[in-house]
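A quick write-up on the structure given underneath.
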Amino acid sequence: MEDGSNYDTYVEYDCFDWCMKRKAEGKIRHFGFSYHGSPELLETILDEHPEVEFVQIQFNYLDRTNPVVRSQRLYEILHERKIPIIVMEPVRGGMLANMAPEIEARFKNHRPEKSVASWALRFAGSLPGMMTILSGMSNMAQIEDNISTFSDFEPLTEEELKIINEVTEELLGMPQIGCTACKYCCDGCPKKISIPDVFRTVNTLRRYPDDWRSKNFYSGLIQRSGRASDCVGCGQCERVCPQHLPIIELMREAAEILD
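Take 1128 as the starting number for the sequence shown in the numbering used here and just add one per residue.
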């Protein structure tokens, strides 16, 4: 669920009632929804539908004060109502797992045996009210690391939370495109542009202008998908972006950097 018009559509088609009927039939065990909207709308939905048993929100240490996501306030609303939370994007599309060496060293100097990604997962898992932490994994090493992190879970200490807060301040000071690589924007792109990969390359090059690996990655990327300058500005991507990014404008900027 993303905005007011989106919610109005669900109400118009009696989606909530339909789900509760399926629950009464035993076809749904627990009723909840995934949410990308404002804190104000979330409170309205929960007031009108006290039957909601859980809510899935984007939550990570970088988005706590993000004016678009406002994840800290979403968390507070749900926790105050004692509604269990499912966390999506705890590592922010991989951004909080792939850090600049000087930032990664902040974590490694304190806990050399822990992955950078595990800090983000532990941040989300350390807060009360979290029911499940979702995490995208692309190889066996990541699977094993995630299993290890939660099999013998260690909540963050005060010192570790201080390190995360310091890292957050540093990251917020860097010019970055806030893409979480959900890839909703890719479906329907008339030029078949892999928009998240374009943005990931731009983010890396802004931090490391001479990074040849990113330049090589982009060269390979455009062999199988569109290049940034192919964007025709149709707006299909912007309509479905959960982060409400100005993708058309960002693609123009990406084209200047990459093409």
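Note that CB positions come from ideal geometry on N, CA and C, so glycine has one too.
Quantities reported herein were computed from a predicted structural model and do not represent experimental measurements.
Excluding the 5 residues flanking residue 1158 on each side, which residues of the same chain have their C-beta closer than 7 Å to its C-beta? For the purposes of this step, residue 1158 is taken as residue 31 along the sequence shown, with counting starting at 1. Cβ contact annotation for residue 1158 (same chain, cutoff 7 Å, sequence separation greater than five): 1146, 1147, 1150, 1178, 1179, 1180, in chain order.
Q | Cβ shell of residue 1143 (< 6 Å), same chain only, five flanking positions each side left out | A | Locating residue 1143 in the sequence shown gives position 16, where the first residue counts as 1. Closer than 6 Å at Cβ, skipping near neighbours: 1176.
Residues in the same chain with beta-carbon distance under 6 Å from residue 1244, minus the five sequence neighbours each way, listed in chain order, please. Here residue 1244 corresponds to residue number 117 of the sequence shown, with the count starting at 1. Excluding positions up to five away in sequence, the list reads 1218, 1224.
In the segment 1257-1316, which residue ranges form an unbroken beta strand (DSSP E) of at least 3 residues, counting only runs that do not cross its ends? 1257-1260
Query raised in the report: On the three-state DSSP scale, how would you describe residue 1234?
Result: Walking along the sequence shown from the start, residue 1234 turns up at place 107. Residue 1234: helix per DSSP, three-state reduction.
Where the alpha helix (DSSP H) through residue 1341 begins and ends: Position 214 of the sequence shown, counting from 1, holds the residue named residue 1341. Start and end: 1339-1351.
- Per DSSP, residue 1212 forms a beta bridge with which residues? Position 85 of the sequence shown holds residue 1212. As DSSP reads the structure, residue 1212 sits in a beta bridge with 1182, 1257.
Check: If you draw a straight line from the alpha carbon of residue 1343 to that of residue 1182, how long is it in whole angstroms?
Finding: Locating residue 1343 in the sequence shown gives position 216, where the first residue counts as 1. Locating residue 1182 in the sequence shown gives position 55, where the first residue counts as 1. Spanning the two alpha carbons is a distance of roughly 40 Å.
Exercise for the section: Starting from the C-beta of residue 1194, find all residues in its chain whose C-beta is less than 8 Å away, skip the five residues before and the five after it, and write them out in chain order. Expected result: By one-based count along the sequence shown, residue 1194 stands at place 67. Leaving aside the five residues that flank residue 1194 on each side, none in its chain has a CB nearer than 8 Å to its CB.
Cβ atoms of residue 1206 and residue 1256: under 7 Å apart, would you say?
Indexing the sequence shown from 1 puts residue 1256 at position 129. Indexing the sequence shown from 1 puts residue 1206 at position 79. In this structure, residue 1206 lies closer than 7 Å to residue 1256 by Cβ.
- Query: What is the C-beta distance between residue 1246 and residue 1291, in whole angstroms, given that I count them as a contact (C-beta under 8 Å)?
  - Reply: Within the sequence shown, residue 1246 is the residue found at index 119, counting from 1. Within the sequence shown, residue 1291 is the residue found at index 164, counting from 1. Rounded to the nearest angstrom, the Cβ distance from residue 1246 to residue 1291 is 7 Å, consistent with a contact under 8 Å.
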